[in-house]
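Yeah, the sequence shown ends on 301 if you go by my numbering, and it's all consecutive.
Notes to accompany the following structure.
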Amino acid sequence: MKDSFVKLQQLQGVFTRKYEIEDKIRLVPRDLEEKKAALEATNRRYLELCNRENQLKQQMEDLKLQNADAEARREELEKSVEKLSLSREYDTVKKEIELAKAEEQRTRNFLIDRQKKIEELQSDIAEKEEVRRRQTEEVNSETAKIDEIISALQKDLNAVNAEISGLSEGIPESLLFKFARIIRNKDNLGIVAIHGTVCEGCHMTLPLQFVNNVRSEDDVYFCPYCSRVLFYEEVAGAEKQTFEPKQHDDEPSAPSEYSIASEGEFGDDF
Ligand SMILES: [Zn+2]
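Right under this line is the structure:
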């Protein structure tokens, strides 16, 4: 059983490295996803602006036709007015000329307005094109970099997995699975010592009979409070302190000595 504890302690270190690598792999693409999303948003906006520009250009074509129609109508009316003799007809045509002039003016104003809008849009489009170019470049170069980083991390991960399978030999798969999960969920600490009757993982006092079971090393035991794998470790003073908790009044210095010894052991081991 001692060998198993040593193996589990070694495995703990390797699993910790494995999780660090997996976390790195998970985090790497996330940065790029944000950049890709930004590029997609720019592309969408860019297309919207281009569509708007096309709409405005179409409107301008229509307005030019309307303007030309109004102009032609006015010119025609102006020619015909010269031939008219009756004042009633003259007034009617004059009115129509005024209407054609108004239409010419209206369409001309619209054309000026649309032209201004198109120029504004074209400046926005040019700006977006520049953003788009920069973002595309960034995404492409980062994709290449990330591919390189991930393939290096994947290589590390393969090495760590090979190390794990080497160290796991002889350890039941169910124990290994549980142990790996504990390391993941409990701050990379899956196997801890019992000092006296205290679990050094969660600092809870364990039942004496349970501690004796762990001490007997007949099986793998898990802390009922923090779920970590337990092994018994002799610590100067800790046992005495735990098993004989009541100090006599004539031994006042004893508890502090024990406590220092216990801390020293803890520091060396972890
Ligand atoms: Zn515990």
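Backbone N, C-alpha and C fix where the C-beta goes; we use that ideal spot for every residue, glycine too.
Worksheet item: In whole angstroms, what is the alpha-carbon distance linking residue 44 and residue 261?
Response: Each residue's alpha carbon lies about 16 Å from the other.
Worksheet item: Taking all protein chains shown into account, do 16 or more other C-beta atoms lie within 10 angstroms of the C-beta of residue 289, making it buried, or fewer, making it exposed?
Response: Its pLDDT being 34, under 50, residue 289 is placed unreliably in this model, and the value from its coordinates should be taken loosely. Residue 289 comes out buried.
Worksheet entry | Same chain, Cβ closer than 8 Å to residue 128, five either side skipped, listed in chain order | Around residue 128: 105, 108, 109, 112.
Fill in: Endpoints, the beta strand (DSSP E) within which residue 143 is located
Looking at the DSSP string, residue 143 is not in any beta strand (DSSP E); the run it does join, the alpha helix (DSSP H), is 118-198.
Discussion item. For residue 117 and residue 130, I'd like the C-alpha separation in whole angstroms.
Written reply: Residue 117 and residue 130: Cα-Cα distance of roughly 20 Å.
Practice prompt. Please confirm whether residue 67 and residue 184 have their CB atoms less than 7 Å apart.
Written response: By the CB criterion at 7 Å, residue 67 and residue 184 fall outside the cutoff.
Fill in: Residues near ligand 1, criterion Cβ-heavy atom distance below 7 Å
Sorted by position in the chain, 223, 230, 232, 233, 235, 254, 256, 257, 259 make up the residues whose C-beta lies under 7 Å from a heavy atom of ligand 1.
Item to complete: Starting from residue 108, trace the alpha helix (DSSP H) both ways and give me its first and last residue.
Response: Looking at the DSSP string, the run of the alpha helix (DSSP H) that includes residue 108 is 33-114.
Fill in: For residue 100, the nearest candidate out of 61, 194, 138 (CA to CA)
It is 138.
Discussion item. Rounded to the nearest angstrom, what separates residue 81 and residue 70 at their Cα positions?
Written reply: Residue 81 and residue 70 have their C-alpha atoms some 16 Å from each other.
Worksheet entry | Meets three-Cβ-pair contact criterion under 8 Å: the region 87-96 and the region 162-182 | Counting C-beta pairs with one atom in each stretch, the region 87-96 and the region 162-182 have fewer than three that are closer than 8 Å, which means they do not touch.
Discussion item. For residue 83 and residue 158, I'd like the C-alpha separation in whole angstroms.
Written reply: Approximately 15 Å, taken between the alpha carbons.
Worksheet entry | Exposure of residue 276, with buried meaning 16 or more beta-carbon neighbours within 10 Å | Per-residue confidence for residue 276 stands at a pLDDT of 45, beneath the threshold of 50, marking its modelled position as unreliable; no derived number is given.
Worksheet entry | Limits of the alpha helix (DSSP H) - the one that residue 266 falls within | Unbroken run through residue 266: none, as it is neither H nor E.
Worksheet entry | Range covered by the alpha helix (DSSP H) that runs through residue 242 | In the DSSP assignment, residue 242 falls within the unbroken alpha helix (DSSP H) covering 239-247.
Discussion item. Does the contact criterion of 3 or more C-beta pairs under 8 Å hold for the region 240-247 versus the region 196-216?
Written reply: The region 240-247 vs the region 196-216: no contact.
Worksheet item: Do residue 245 and residue 256 have their CB atoms nearer than 7 Å?
Response: Taking 7 Å as the cut-off, the Cβ atoms of residue 245 and residue 256 do not count as close.
Discussion item. Nearest by alpha-carbon distance to residue 78: which of 147, 163, 230 is it?
Written reply: Ranking 147, 163, 230 by Cα distance to residue 78 puts 163 first.
Worksheet item: Among 32, 125, 46, which one has its Cα closest to the Cα of residue 197?
Response: Taking only the C-alpha atoms, the option nearest residue 197 is 46.
Item to complete: Per DSSP, which residues does residue 236 bridge with? Please list them.
Response: Paired residue(s): 229.
Worksheet entry | Terminal residues of the alpha helix (DSSP H) in which residue 213 lies | From DSSP, the alpha helix (DSSP H) with residue 213 extends over 204-216.
Item to complete: Output the distance between the C-alpha atoms of residue 278 and residue 230, rounded to the nearest integer angstrom.
Response: Confidence in residue 278 is poor, its pLDDT being 42 and thus under 50, which makes the residue's placement too unreliable to answer from.
Fill in: Local Cβ density within 10 Å of residue 171, reported as buried at 16 or more and exposed below that
So residue 171 counts as exposed.
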